[in-house]
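Protein chains in written order, with my numbering: chain A, 535 to 683; chain B, 310 to 690.
Heads up, the beta-carbon is just placed ideally off N, CA and C, and yes, glycines get one too.
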Amino acid sequence: MSQAAGANVPQKSIDPKLFTWPSNKPRLLGSQCNNCGTTSFPAQASCPRCCSEDVETCELGTRGKLWSFTIQGFLPKSPPYAGTETLEDFKPFGVGYVEMPGQVRVVGRINVSSPEELAIGMDMELVFEPFRTDEDGTEIISYAFRPVA
Amino acid sequence: MTDVAIIGIGIHPFGRTDGVSGLEQGAFAVRQALKDCGMDWGDMQFAYGGSSAAGNADALVNQLGLTGLQFVNVANGCATGGSALQSAYMAIKSGMFDVGVAVGFDKHPRGAFAVEPEKMGLGKWYGDVGLALTTQFFAMKIQKYMHDYGITDDTLVKVAEKNYANGALCPHAWRKTALTYEQIAESPMISHPLRKYMFCSPAEGGCAIILASVEKAKQLTSHPLFLKAAVVRTRHFGSFEVFTQGQALDQAPSPSVDASQATFEMAGIGPKDIQVAQLQDTESGAEIMHMAENGFCADGDQEKWIQEGYTKIDGKLPVNTDGGCLANGEPVGASGLRQVYEVCVQLRGEGGERQVQNNPKVGYTHVYGAPGLSGCTVISR
Ligand SMILES: [Zn+2]
């Protein structure tokens, strides 16, 4: 359900530094250290391993294995949570780290609500989709993971 | 260098004390500790104090006396109490002072700790989408650990059951009612695999520990305890910590491993010598993982240890004899000092119904918290 630029509803990235958007093939952005080779997520101006400032923004992969997970069982406190659910209609959501091979393990929401649907080591893929809709109708786009069908 | 003794201990009961400020709970604990060793506030040459949500610790002088002593405020996340103690340890060890106090207190609002992702440099998006919850971190760390080392859900329940049972025997504990296995196992799932009664809650409380040089201690008491080691360590690149957005592929050990090894080295003993331990139990899984991170057993052995009751008060290594954070809640500034208080009570043989048998001589404490730091001590008779 990745949505391309040019959809009918106006869309906006939740954070323009987090992934390429608008794009036909959106990608999460990290940074690659030219000194020690470490990949970080999100992109940052220096390397958390070796302190080098010789880093450049890079695109991360879109598929990887599930490293660990949980299910967020209650409505998170707002703020900071910006989701629009209420106590009545809140549905638990998955959270996990997906290991992008050779890069970094990325945290994100997972589009399932039951732990039975998840297992450490399973193949996951990245999706970009509306997280919520602003008062003016603009869809706020974020990323999430889902098990590979 | 002189050795360091613990001569006075004091605690304000943990939990919820309406109408008593955090600062007042800290002052109460200091007065108790002074009474315990027969000293006056005016005898204190220095103080290290911390609180994360209940004001500046040095304001204690307004209640205890404006004596002009050196008072340093300590702020070090969840290891604030442990860091105050470690600072006091150094002050004595260096020979600069020969008696002083480490104090911590707190009074947190009800409910989960407030989180402001932007203040931590995490990006607003992270909080927006519902990822800025410490509970998720704890759940994912134990989820991975259970997968890798065969720890069962049943063992998670049994750790909580033990700590609430211990809390029920402890006068300073918040939760004084033991919970049944079923109450814990059927409590709402907060963050799979962790349930409501497997987590500790923010709370209130105060604790104070008076340290002295061994020479000074011998003038004051015939039975001092000895703080053989006190160490604080922070995380390395690659250790899995709360609010990690991108986890490095190369996994580094937790700061608890570093702190523990340095503590044992400083004390000149090993984990097998410890007869009673207080290990950070922010949730059930944390206590399980910390047993191995602190060197008490191999990864995966916890399943057997807990199923066989080794960590109960009558087991071979009693852990969290006062109910730990699960039964006491977590007033951040005081939590690490409560562990030290409890080990002292046990080594003095004053544990009452929760007393570890066979006169334990050596105890251990371990506090761990955000943003990835640990403080450990070894205390002996
Ligand atoms: Zn680097």
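- Compute the distance between the beta-carbons of B:A368 and B:N382, then report whether it is under 7 Å. To locate residue 368 of chain B, count along the second sequence from 1; it is residue 59. To locate residue 382 of chain B, count along the second sequence from 1; it is residue 73. No. Outside cutoff.
- Message: Suppose you measure from the CA of B:D352 to the CA of B:V408; what does that come to, to the nearest Å?
- Response: The count along the second sequence starts at 1 and reaches residue 352 of chain B at position 43. The count along the second sequence starts at 1 and reaches residue 408 of chain B at position 99. Inter-residue distance for B:D352 and B:V408 is about 8 Å (C-alpha atoms, whole angstroms).
- Task: Please report the residue range of the alpha helix (DSSP H) in which B:A521 lies.
- Result: Sequence index remark: in the second sequence, residue 521 of chain B carries index 212 (1-based). It is not in any alpha helix (DSSP H) - B:A521 instead sits in the beta strand (DSSP E) that spans 513 to 522.
- Message: So, for A:K647: in the same chain, excluding its five sequence neighbours on each side, which residues have a beta-carbon less than 8 Å away from its beta-carbon?
- Response: Along the first sequence, one-based indexing puts residue 647 of chain A at 113. Per the sequence shown, residue 647 of chain A should be read as Ser rather than Lys. Shown here for A:S647: same chain residues with a beta carbon closer than 8 Å to its own, the five before and five after excluded, namely I605, K625, P626, F627, G628 in chain order.
- Task: Tell me whether A:S536 sits in a helix, a strand or coil according to DSSP, three-state version.
- Result: Translated into the one-based positions of the first sequence, residue 536 of chain A becomes position 2. With a pLDDT of only 47 at A:S536, under 50, the local geometry of the prediction cannot be trusted, and the value read off the model is given with reservation. Residue state, collapsed to three classes: coil.
- Message: Once the 5 residues before and after B:Q554 are set aside, which same chain residues still bring their CB inside 6 Å of it?
- Response: Taking the second sequence and counting its residues from 1, the one referred to as residue 554 of chain B is at position 245. Excluding its 5 nearest sequence neighbours in each direction, B:Q554 has no C-beta neighbour in its own chain below 6 Å.
- Could you pull the start and end residues of the alpha helix (DSSP H) that B:D462 belongs to? Here residue 462 of chain B refers to the residue found at position 153 of the second sequence. Here the alpha helix (DSSP H) through B:D462 covers 462 to 476.
- Item | Sequence ranges, alpha helix (DSSP H) only - wholly within the region 591 to 626 of chain B, length at least 4 | Runs of the alpha helix (DSSP H) lying entirely within the region 591 to 626 of chain B, each at least 4 residues long, are 593 to 602, 611 to 616 in chain order.
- Message: Can you tell me whether A:S574 sits near ligand 1, meaning its C-beta is under 6 Å from at least one heavy atom of the ligand?
- Response: As a first step, residue 574 of chain A is located in the first sequence; it is residue number 40 there, counting from the start. Result no, Cβ not under 6 Å from ligand 1.
- Item | Sequence-distant residues of its chain with Cβ nearer than 8 Å to B:E524 (five each side left out) | Walking along the second sequence from the start, residue 524 of chain B turns up at place 215. The beta carbon of B:E524 sits closer than 8 Å to the beta carbons of T311, D407 from its chain, once the five residues preceding and following it are set aside; these are given in chain order.
- Run through DSSP, which three-state label would A:C668 get? Taking the first residue of the first sequence as 1, we reach residue 668 of chain A at position 134. It should be noted that the sequence gives Asp, not Cys, for residue 668 of chain A. Correct three-state label for A:D668: coil.
- Would DSSP call B:F337 helix, strand or coil? Within the second sequence, residue 337 of chain B is the residue found at index 28, counting from 1. B:F337 falls in the helix class under three-state DSSP.
- Task: In the DSSP assignment, find the alpha helix (DSSP H) that holds B:R647 and state where it starts and stops.
- Result: In the second sequence, the residue the question calls residue 647 of chain B occupies position 338. Annotation for B:R647: the continuous alpha helix (DSSP H) segment containing it runs 641 to 657.
- Is any beta-carbon of chain A found at less than 7 Å from that of B:F508? As a working mapping, residue 508 of chain B is identified with position 199 in the second sequence. Taking Cβ atoms only, chain A never reaches closer than 7 Å to B:F508, which makes this a no.
- Message: So, at 8 Å on beta carbons, what are the nonlocal neighbours of B:L431 in its own chain, with the 5 sequence-adjacent residues on each side left out?
- Response: Along the second sequence, read from residue 1 onward, the residue named residue 431 of chain B stands at position 122. If we look at B:L431 and ignore the five residues flanking it on each side, its Cβ neighbours are A441, F552, Q554.
- Could you list which residues in chain A have their beta carbon closer than 9 Å to that of B:T443, in chain order? As a working note, residue 443 of chain B is residue 134 in the second sequence. Within chain A, no residue comes near B:T443; the closest Cβ sits about 11 Å away, beyond 9 Å.
- Where B:G624 and B:G618 are concerned, what is the direct C-alpha to C-alpha distance, given to the nearest angstrom? In the second sequence, the residue the question calls residue 624 of chain B occupies position 315. In the second sequence, the residue the question calls residue 618 of chain B occupies position 309. If you take the alpha carbons of B:G624 and B:G618, they lie about 6 Å apart.
- With a Cβ-Cβ cutoff of 7 Å, do B:I518 and B:E612 count as a contact? The count along the second sequence starts at 1 and reaches residue 518 of chain B at position 209. The count along the second sequence starts at 1 and reaches residue 612 of chain B at position 303. Cβ atoms of B:I518 and B:E612: not closer than 7 Å.
- Where the alpha helix (DSSP H) through B:I451 begins and ends: The sequence position of residue 451 of chain B within the second sequence is 142, counting from 1. Residues 443 to 458.
- Query: In this structure, does DSSP put B:F775 in helix, strand or coil?
  - Reply: This structure cannot settle anything about residue 775 of chain B, because the visible part of chain B is limited to 310 through 690.
- Query: Within 7 Å (strictly less), CB to CB, does A:S676 reach chain B?
  - Reply: Counted from its first residue, the first sequence places residue 676 of chain A at position 142. For A:S676, the answer is yes, since a Cβ of chain B falls inside 7 Å of its Cβ.
- Measure the beta-carbon distance from B:A393 to B:G358 and round it to whole angstroms, keeping in mind my assumption that it falls under 8 Å. Here residue 393 of chain B refers to the residue found at position 84 of the second sequence. Here residue 358 of chain B refers to the residue found at position 49 of the second sequence. With 8 Å as the limit, B:A393 and B:G358 qualify as a contact, their Cβ atoms being about 6 Å apart.
- Message: Can you tell me which residues form a DSSP beta bridge with A:C567?
- Response: Position 33 of the first sequence, counting from 1, holds the residue named residue 567 of chain A. Note: A:C567 sits in a beta bridge opposite A:V589.
- Examine the Cβ distances between the region 471 to 489 of chain B and the region 653 to 661 of chain A and report whether three or more of them are shorter than 8 Å. Counting C-beta pairs with one atom in each stretch, the region 471 to 489 of chain B and the region 653 to 661 of chain A have fewer than three that are closer than 8 Å, which means they do not touch.
- Message: For A:S586, would you say it is in contact with chain B, using Cβ-to-Cβ distances shorter than 7 Å as the test?
- Response: Working through the first sequence from its first residue, we reach residue 586 of chain A at position 52. The beta carbon of A:S586 does not come within 7 Å of any beta carbon belonging to chain B, so the residue lies off that interface.
- Query: In chain A, which residues lie with their C-beta within 9 Å of the C-beta of B:G609?
  - Reply: Here residue 609 of chain B refers to the residue found at position 300 of the second sequence. What B:G609 touches in chain A: nothing, since even the nearest Cβ is about 16 Å away.
- Message: Just checking: is the beta-carbon of B:P426 within a distance shorter than 7 Å of some beta-carbon in chain A?
- Response: Taking the second sequence and counting its residues from 1, one reaches residue 426 of chain B at position 117. At a cut-off of 7 Å, the C-beta of B:P426 has a neighbouring C-beta in chain A.
- Task: Provide the residue span of the alpha helix (DSSP H) that contains B:Q395, from first to last.
- Result: Along the second sequence, one-based indexing puts residue 395 of chain B at 86. Its alpha helix (DSSP H) spans residues 389 to 402.
- Query: Mapping DSSP to helix, strand and coil, what is B:R544?
  - Reply: The residue labelled residue 544 of chain B in the question sits at position 235 within the second sequence. B:R544: coil per DSSP, three-state reduction.
- Message: Just to confirm, is the Cβ distance from B:S593 to B:V468 under 7 Å?
- Response: Position 284 of the second sequence, counted from the start, is the residue given in the question as residue 593 of chain B. Position 159 of the second sequence, counted from the start, is the residue given in the question as residue 468 of chain B. Taking 7 Å as the Cβ cut-off, B:S593 and B:V468 qualify as a contacting pair.
- Item | chain A residues whose Cβ lies nearer than 9 Å to that of B:G624 | Position 315 of the second sequence, counted from the first residue, corresponds to residue 624 of chain B. Think of a sphere of 9 Å around the beta carbon of B:G624: no beta carbon from chain A falls inside it, the nearest being about 30 Å out.
- Query: Should A:L562 be flagged as near chain B, meaning a C-beta pair shorter than 7 Å?
  - Reply: On the first sequence, residue 562 of chain A is found 28 positions in, with the first residue counted as 1. Chain B, which has no Cβ nearer than 7 Å to the Cβ of A:L562, makes this no.
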